[in-house]
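One structure below.
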Amino acid sequence: MPNASDTRPASGRGAAAARAVPDAAGAVAAPAARRPWGRVVRLAALVVLAVLVLAFPTMAPNAYILSAGIVVLSYACTATAWNFMGGFTGYVSLGHAAFFGLGAYGTGLLIRDLGLPSFVAWLTAGAIVLLVTIPVGIAALRVRGASFVIVSIAFVLILLLVFQAWGTFTGGSDGLVVPRPFPDMLRPEHHRTFFYLFAALLVVMLVAWWAIDRSRFGTGLKAVREDEDKAQALGVPTRNYKLVAYVVSATFTGLAGGMYALWFGDLDPIFQFSIMLGAYMVLMALLGGVRHLFGPLLGAVIVGSGLEYFKLEFGDTQFHLVATALLLGIVVLFMPDGIIPAVQSLVKRFGPQDSSIREMTAAELLERNRAAAAEPAAEAPAEPSAAVVPQGRHAGDEPVAEGTGEEKDR
Amino acid sequence: MTTTAPPTTRNLETVGLTKSFGGVHAVRDATVTFHHGKINALIGPNGSGKTTFFNCVTGMIKPDSGTVTFRGEDITRRAPHKIARAGIGRSFQLCRVFPRMTVLENMLVAVRRTKVRELLAGARNPEEIDKARALLVRVGIDHLENVEARNLSYGQQKLLELAGVLMGDPDTIMLDEPAGGVNPALIGRIGTLVQELNAEGKTFLVVEHNMDMVMSLSHHVIVFDRGRPIAEGTPAVVQADPRVLEAYLGV
Numbered sequence: 001m002p003n004a005s006d007t008r009p010a011s012g013r014g015a016a017a018a019r020a021v022p023d024a025a026g027a028v029a030a031p032a033a034r035r036p037w038g039r040v041v042r043l044a045a046l047v048v049l050a051v052l053v054l055a056f057p058t059m060a061p062n063a064y065i066l067s068a069g070i071v072v073l074s075y076a077c078t079a080t081a082w083n084f085m086g087g088f089t090g091y092v093s094l095g096h097a098a099f100f101g102l103g104a105y106g107t108g109l110l111i112r113d114l115g116l117p118s119f120v121a122w123l124t125a126g127a128i129v130l131l132v133t134i135p136v137g138i139a140a141l142r143v144r145g146a147s148f149v150i151v152s153i154a155f156v157l158i159l160l161l162v163f164q165a166w167g168t169f170t171g172g173s174d175g176l177v178v179p180r181p182f183p184d185m186l187r188p189e190h191h192r193t194f195f196y197l198f199a200a201l202l203v204v205m206l207v208a209w210w211a212i213d214r215s216r217f218g219t220g221l222k223a224v225r226e227d228e229d230k231a232q233a234l235g236v237p238t239r240n241y242k243l244v245a246y247v248v249s250a251t252f253t254g255l256a257g258g259m260y261a262l263w264f265g266d267l268d269p270i271f272q273f274s275i276m277l278g279a280y281m282v283l284m285a286l287l288g289g290v291r292h293l294f295g296p297l298l299g300a301v302i303v304g305s306g307l308e309y310f311k312l313e314f315g316d317t318q319f320h321l322v323a324t325a326l327l328l329g330i331v332v333l334f335m336p337d338g339i340i341p342a343v344q345s346l347v348k349r350f351g352p353q354d355s356s357i358r359e360m361t362a363a364e365l366l367e368r369n370r371a372a373a374a375e376p377a378a379e380a381p382a383e384p385s386a387a388v389v390p391q392g393r394h395a396g397d398e399p400v401a402e403g404t405g406e407e408k409d410r
Numbered sequence: 411m412t413t414t415a416p417p418t419t420r421n422l423e424t425v426g427l428t429k430s431f432g433g434v435h436a437v438r439d440a441t442v443t444f445h446h447g448k449i450n451a452l453i454g455p456n457g458s459g460k461t462t463f464f465n466c467v468t469g470m471i472k473p474d475s476g477t478v479t480f481r482g483e484d485i486t487r488r489a490p491h492k493i494a495r496a497g498i499g500r501s502f503q504l505c506r507v508f509p510r511m512t513v514l515e516n517m518l519v520a521v522r523r524t525k526v527r528e529l530l531a532g533a534r535n536p537e538e539i540d541k542a543r544a545l546l547v548r549v550g551i552d553h554l555e556n557v558e559a560r561n562l563s564y565g566q567q568k569l570l571e572l573a574g575v576l577m578g579d580p581d582t583i584m585l586d587e588p589a590g591g592v593n594p595a596l597i598g599r600i601g602t603l604v605q606e607l608n609a610e611g612k613t614f615l616v617v618e619h620n621m622d623m624v625m626s627l628s629h630h631v632i633v634f635d636r637g638r639p640i641a642e643g644t645p646a647v648v649q650a651d652p653r654v655l656e657a658y659l660g661v
């Protein structure tokens with residue numbers, strides 16, 4: 001074996017590096033010990049949030065504030081729905097209003113033309129959006145990055161033109177009146193009911209997002225976001241993953257649209273299939289932080305309240321758009337990752353340092369492992385961190401000669 | 411290991427593999443057989459088509475013509491994830507990790523499940539985490555498991571990439587310049603790891619410019635020039651081949 005001689009000195013060191021490090025468990029345990037604290041805080045915040053949301057309708061001074069609250073919640077629903085695609089896979093869709101509009105019009109038309117009960121129509125419209133999204137997703141997901149953004153806009157523009165032009169079916173620019181689901185309810189009661197319905201829909205979305213976030217599927221999606229080619233090379237079926245995320249995202253957006261139709265009762269293509277609505281979803285999610293469960297919700301509360309306020313203050317002028325643009329500029333300049341990550345890093349600055357990398361360079365690790373190797377090697381397997389040891393044992397001083405008999409668990 | 415007898419078990423083979431970008435023939439009619447259970451090296455001057463060849467084999471690029479077979483099975487034009495699942499792991503020339511995921515999460519990406527229920531189950535499965543940790547210990551970056559990958563040094567990222575590839579239990583591992591941009595001590599460590607893994611039965615296919623590493627590690631060397639293999643054999647044979655000298659030195 002003429003080739004072994006050159007690496008012989010290096011192999012000794014490499015072997016030491018590969019050996020189990022006794023106090024590896026200690027390094028791992030440190031961050032885990034901090035976690036219970038965070039969990040308590042998080043749980044408390046969650047309870048406060050839930051109480052606030054549940055109490056809002058009774059606290060709202062008038063029907064206008066309550067309806068503004070519903071608008072904000074519907075924004076939160078759409079932004080969270082958008083985040084199933086945007087947050088997990090990193091694919092920015094500016095055209096999610098297409099699914100909002102389809103869900104809204106689907107619900108309205110199913111009630112008007114087929115006489116379906118309101119909420120059956122709502123779910124059916126959601127199913128229709130799901131089915132429509134599959135071919136659309138297959139087409140749109142053939143491209144990445146900026147091209148995907150353009151394709152997503154194309155779809156919403158097509159639908160806008162179709163729904164405007166096909167007046168006999170959709171009502172065109174005259175609008176479509178959606179029959180109310182609760183005809184004998186008074187206006188405040190109607191608002192209150194829909195506030196809770198939107199809140200329930202949002203909770204379902206948040207739970208679904210949370211479940212995906214912690215799942216193997218979610219890990220694959222996040223890998224797509226970080227480096228799609230690399231994910232594929234590691235065996236992640238990226239196209240199917242993206243498609244599922246896209247369909248889930250679109251379906252939830254459609255359900256939010258349908259809910260909006262049932263609440264608002266009057267649809268106009270220019271508002272349902274609006275680029276602005278799609279842009280709001282993106283802005284809200286980015287503002288809050290796309291990689292965080294509550295990011296889009298936080299963004300929706302800020303942007304949604306802002307929009308309502310500006311509309312109230314400046315009436316029919318387009319100033320609310322200018323204000324939105326300013327907000328977008330601020331986000332991009334100062335908090336490109338969103339508010340939640342910005343605050344987190346601020347908190348982290350005061351807290352204990354993350355396990356620092358500079359604390360131990362590879363060279364120091366080698367050094368330490370060499371020192372560990374100098375002690376009786378037989379001790380290593382007895383260590384409690386035994387999970388790691390069997391691998392380490394391979395690292396003898398004669399790596400090549402140490403036959404293939406020790407074939408592993410493949 | 412000084413002879414290069416034809417392999418008894420088939421591993422990775424290409425026949426007439428061709429890929430052009432416009433008028434540039436990156437890979438031209440490349441027929442290559444890699445030796446099973448050995449460390450195969452692919453060397454050649456810059457622009458000789460090694461990485462394109464790599465990408466064609468792993469499905470990242472669709473070849474214009476030719477076939478790629480792995481253990482006798484045709485894998486030409488298959489999607490990259492299917493090739494990965496067939497048992498070929500690869501690293502990238504410019505080391506690629508998932509920057510905003512922790513080291514441990516990076517490892518867990520390579521866990522392969524197909525059932526919907528398993529996919530929706532929590533990613534932090536104790537067995538898989540144990541396996542990931544064992545591999546991190548093996549490459550020597552286990553103390554960094556909760557650090558985001560973007561905060562690792564380049565060398566640590568290289569090690570993480572290698573560990574991630576191993577997480578998928580590949581039979582054949584393709585490394586694109588494992589020693590590129592890495593300090594000499596780490597080159598030694600990576601070289602040792604390759605040898606150990608090879609001793610455990612993994613086949614390697616290494617693209618590398620570091621001749622010391624190539625000549626000391628590999629059992630079988632294939633030299634590429636202008637998109638096709640011009641010579642192959644043991645390191646000693648290849649080093650003495652006049653065509654190789656010409657390709658490299660232009661004499």
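In order, the protein sequence lines correspond to chains A and B. Per our numbering, the first sequence starts with residue 1, numbered consecutively. Per our numbering, the second sequence starts with residue 411, numbered consecutively. All C-beta atoms in this analysis are idealised placements derived from N, C-alpha and C, irrespective of residue type, glycine included. Quantities reported herein were computed from a predicted structural model and do not represent experimental measurements.
- Pairing residue 485/B with residue 618/B gives a Cβ-Cβ distance that is not under 8 angstroms.
- Residue-level contact check: residue 242/A does not touch chain B, since none of the beta carbons of chain B fall below 8 angstroms from its beta carbon.
- For residue 283/A, the enclosing alpha helix (DSSP H) begins and ends at 275–288.
- Closer than 8 angstroms at the C-beta level to chain A, one finds these residues of the segment 519–532 of chain B: 519, 520, 521, 522, 523, 528, 529, 530, 531 and 532.
- Here residue 108/A is buried. Its C-beta has 16 or more other C-beta atoms within 10 Å.
- At least 8 angstroms separates the beta-carbon of residue 330/A from that of residue 289/A.
- No Cβ of chain B is located within less than 8 angstroms of the beta carbon of residue 184/A.
- DSSP links residue 614/B through a beta bridge to 449/B and 583/B.
- Chain B places no beta carbon closer than 8 angstroms to that of residue 315/A, leaving this residue out of the contacts.
- Taking a C-beta cut-off of 9 angstroms against chain A, the contacting residues of the segment 486–497 of chain B are 489, 490, 491, 492, 493, 494 and 495, listed in chain order.
- Taken atom to atom, the span from the alpha-carbon of residue 124/A to that of residue 207/A is near 22 angstroms.
- Taking all protein chains in view, the Cβ of residue 421/B is crowded by 16 or more other Cβ atoms within 10 Å, so the residue is classified as buried.
- Residues are counted here when their Cβ sits less than 9 angstroms from a Cβ of chain A; for the segment 451–480 of chain B these are 468, 469 and 470, given in chain order.
- Membership of residue 190/A in the alpha helix (DSSP H) is indicated by the continuous run 187–213.
- In this structure, residue 261/A and residue 267/A form a Cβ contact; the two beta carbons are roughly 6 angstroms apart against a cut-off of 8 angstroms.
- When Cβ-Cβ separations below 8 angstroms define contact, residue 211/A makes contact with chain B.
- Closest option to residue 531/B, judged by alpha-carbon separation, among 299/A, 304/A, 231/A and 215/A: 215/A.
- The beta carbons of residue 104/A and residue 258/A sit closer together than 8 angstroms.
- Using a Cβ distance threshold of 8 angstroms, residue 85/A and residue 246/A count as a contacting pair.
- For residue 489/B, there is no enclosing alpha helix (DSSP H), as DSSP marks it with neither H nor E.
- At a cut-off of 8 angstroms between beta-carbon atoms, residue 143/A makes no contact with chain B.
- Counting C-beta pairs closer than 8 angstroms gives three or more between the segment 296–311 of chain A and the segment 59–78 of chain A, which meets the contact rule.
- Nearest to residue 578/B by C-alpha distance, out of 158/A, 182/A, 278/A and 236/A, is 236/A.
- In this structure the segment 472–484 of chain B touches the segment 421–430 of chain B; the number of beta carbon pairs closer than 8 angstroms is three or more.
- Distance check between residue 116/A and each of 336/A, 66/A, 179/A and 318/A places 179/A closest, using alpha-carbon atoms only.
- Where residue 257/A is concerned, there is no enclosing beta strand (DSSP E), although the alpha helix (DSSP H) around it starts and stops at 238–264.
- It is roughly 10 angstroms from the alpha-carbon of residue 614/B to the alpha-carbon of residue 630/B.
- The C-alpha of residue 522/B is placed about 24 angstroms away from the C-alpha of residue 616/B.
- Using a CB distance below 8 angstroms, the part of the segment 233–262 of chain A facing chain B consists of 233, 234, 235, 236, 237, 238 and 239, ordered along the chain.
- Around the CB of residue 280/A, 16 or more other CB atoms lie within 10 Å, so the residue is classed as buried.
- For residue 657/B, the closest of 593/B, 534/B, 639/B and 647/B by C-alpha to C-alpha distance is 639/B.
- The continuous stretches of alpha helix (DSSP H) do not include residue 640/B, which lies in the beta strand (DSSP E) extending over residues 638–643.
- A straight-line Cα-Cα distance of about 7 angstroms links residue 92/A and residue 282/A.
- Under the 8 angstroms Cβ criterion, the segment 509–526 of chain B counts as touching the segment 215–229 of chain A, having at least three qualifying pairs.
- From the beta-carbon of residue 222/A, the residues of chain B found nearer than 9 angstroms are 508, 510, 511, 515 and 519.
- Within the segment 567–581 of chain B, the residues whose Cβ lies closer than 7 angstroms to some Cβ of chain A are 574, 578 and 579, listed in chain order.
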